[in-house]
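The next block holds one structure in the form of structure tokens; read it before the comments.
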Amino acid sequence: MDGIVSRGFRGRRPEEAGRIPPGQYLERDFPVLTAGPTPRRDLARWDFRVLGPDGAETGRWTWAEFGLLPHEDITCDIHCVTRWSKLDTHWRGVAVDALLGTPPGGVTHVIAFCDGGYTTNLPFEAVQGGRAWIADTYEGQPLSPEHGGPARLLVPALYLWKSAKWVRGLRLAFRDAPGFWETRGYHNHGDPWKEQRYTDD
Ligand SMILES: Nc1nc2c(c(=O)[nH]1)N[C@H]1C(S)=C(S)[C@@H](COP(=O)(O)O)O[C@H]1N2
Ligand SMILES: [Mo]
160 MDGIVSRGFR GRRPEEAGRI PPGQYLERDF PVLTAGPTPR RDLARWDFRV
210 LGPDGAETGR WTWAEFGLLP HEDITCDIHC VTRWSKLDTH WRGVAVDALL
260 GTPPGGVTHV IAFCDGGYTT NLPFEAVQGG RAWIADTYEG QPLSPEHGGP
310 ARLLVPALYL WKSAKWVRGL RLAFRDAPGF WETRGYHNHG DPWKEQRYTD
360 D
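Be aware that the sequence shown starts at 160, since it is given in the numbering used here, and climbs by one per residue.
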């Protein structure tokens, strides 16, 4: 029997079928992938800001204010371009929709910015309509510093490099502006189901 079961499906549970994008393997742990040191920010000096295309601040929340915003429970699968996927991860966070409100006409992209200087670009639709959150809780615990605590962007539909850790805000933009990995050979969009790993994929 074992011999006719293909390698990729051995040991895979039925509920996992069809949930692992091409070229990915199932990971049970939660690897840490960070370019550079883990920033530590005093919560008293943390804020989350939304900036308009002109750079003007259109929204700002302190940590205390952010904590009072409506939070949602999120269960999602996450996919890292280094080929691990993790299923049914549980988060809590604030929907990006609730932070952006109604943006000015003509906005096409958002740029996430972070403590430590990391940035990533996303089409506006990718963070709209319940597709993205600012997550502060993972598996019932405050998000750990290694995984982006106190808060990270969570965009489960795209490779995990788009889920910026230690995120401090979103800048709305009228045009695209590739971020940290997008200017270092990674794909501009990063859809795991289309295997958009590298620039020319
Ligand atoms: N600020 C910041 N966010 C980041 C990164 C980073 O280096 N800095 N790495 C990205 C990459 S490449 C991946 S795969 C995921 C990894 O998240 P994890 O360490 O929680 O697994 O975070 C993304 N977000
Ligand atoms: Mo990554």
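Don't be surprised by glycine CBs; every beta carbon is placed ideally from N, CA and C. Computed from a predicted model, the values in this text were never measured in an experiment.
Would you identify the three-state DSSP class for K324, choosing helix, strand or coil? If you number the sequence shown from 1, residue 324 lands on position 165. It is coil, neither helix nor strand.
Residues whose Cβ lies closer than 6 Å to any heavy atom of ligand 2, in chain order: Near ligand 2, meaning a beta-carbon closer than 6 Å to one of its heavy atoms, we find L192, C239, V240, T241, L319 and W320.
I'd like to check one pair, G211 with L331: are the Cβ atoms closer than 9 Å? The sequence position of residue 331 within the sequence shown is 172, counting from 1. The sequence position of residue 211 within the sequence shown is 52, counting from 1. Against a cut-off of 9 Å, the Cβ pair of G211 and L331 comes out as a contact.
Can you look up P351 in the DSSP assignment and give me helix, strand or coil? Counted from its first residue, the sequence shown places residue 351 at position 192. Note: P351 maps to helix in three-state DSSP.
Go through the stretch 162-219 residue by residue and report every complete run of the beta strand (DSSP E) that reaches 3 residues or more, in order. Listed in chain order, they are 206-210.
In whole angstroms, what separates the C-alpha of G256 from that of A285? As a first step, residue 256 is located in the sequence shown; it is residue number 97 there, counting from the start. As a first step, residue 285 is located in the sequence shown; it is residue number 126 there, counting from the start. As written in the sequence, residue 256 is Asp, which differs from the Gly given in the question. Approximately 11 Å, taken between the alpha carbons.
Kindly provide the ranges of any alpha helix (DSSP H) runs that are 4 or more residues long and lie completely inside the stretch 246-283, ordered along the chain. The DSSP assignment places 255-259 as complete runs of the alpha helix (DSSP H) inside the stretch 246-283, in order along the chain (cut-off: 4 residues).
Can you have a look at R166 and say buried or exposed, based on whether 16 or more other CB atoms are within 10 angstroms of its CB? One-based indexing of the sequence shown puts residue 166 at position 7. Bear in mind that the predicted position of R166 carries a pLDDT of just 49, short of 50, making it unreliable; the figure below should be weighed with that in mind. R166 should be labelled exposed.
For the alpha helix (DSSP H) containing E224, name the first residue and the last one. Within the sequence shown, residue 224 is the residue found at index 65, counting from 1. W222 to L227 is the span of the alpha helix (DSSP H), which, as asked, contains E224.
Taking only the alpha-carbon atoms, compute the straight-line gap between R172 and R343 and give it to the nearest angstrom. Along the sequence shown, one-based indexing puts residue 172 at 13. Along the sequence shown, one-based indexing puts residue 343 at 184. Linking R172 to R343 through their CA atoms gives a straight-line distance of about 36 Å.
Under three-state DSSP, which class holds L331? As a position in the sequence shown, residue 331 is number 172, starting the count at 1. For L331, the three-state secondary structure derived from DSSP is strand.
In this structure, how does DSSP classify P301 when only helix, strand and coil are distinguished? Position 142 of the sequence shown, counting from 1, holds the residue named residue 301. In the structure shown, P301 sits in a strand (DSSP, three-state: E or B).
What is the rounded straight-line gap between the Cα of W220 and the Cα of V209? Working through the sequence shown from its first residue, we reach residue 220 at position 61. Working through the sequence shown from its first residue, we reach residue 209 at position 50. Between W220 and V209, the C-alpha separation is close to 9 Å.
Whole-angstrom distance between E298 and T248, CA atom to CA atom: Stepping through the sequence shown from its first residue, residue 248 is reached at position 89. Stepping through the sequence shown from its first residue, residue 298 is reached at position 139. Their Cα atoms are separated by approximately 7 Å.
Which partner residues does F312 have in the DSSP bridge list? Start at 1 with the first residue of the sequence shown, and residue 312 comes out as number 153. Strictly speaking, residue 312 in this sequence is Leu, with Phe absent from that position. In DSSP, L312 forms a bridge with I293.
Is there contact between the stretch 337-354 and the stretch 290-310, where contact requires at least three CB pairs shorter than 8 Å? The stretch 337-354 is not in contact with the stretch 290-310.
Is it right to say F207 is buried, meaning 16 or more other beta carbons lie within 10 angstroms of its own, or is it exposed? Here residue 207 refers to the residue found at position 48 of the sequence shown. The residue in question, F207, is buried, as its Cβ has 16 or more Cβ neighbours within 10 Å.
Compute the distance between the beta-carbons of D279 and I270, then report whether it is under 9 Å. In the sequence shown, residue 279 corresponds to position 120, counting from 1. In the sequence shown, residue 270 corresponds to position 111, counting from 1. Before going further, note that residue 279 is Thr rather than Asp in the sequence given. In this structure, the beta-carbon distance from T279 to I270 falls below 9 Å.
Is any heavy atom of ligand 1 found at a distance shorter than 8 Å from the C-beta of F339? The sequence position of residue 339 within the sequence shown is 180, counting from 1. Yes.
How many Å lie between D139 and R334 at the Cα? Beyond the ends of the chain as shown, which are 160 and 360, falls residue 139; an answer cannot be given.
DSSP-derived helix/strand/coil call for H306: Position 147 of the sequence shown, counting from 1, holds the residue named residue 306. DSSP, reduced to helix, strand and coil, places H306 within a helical segment of the structure shown.
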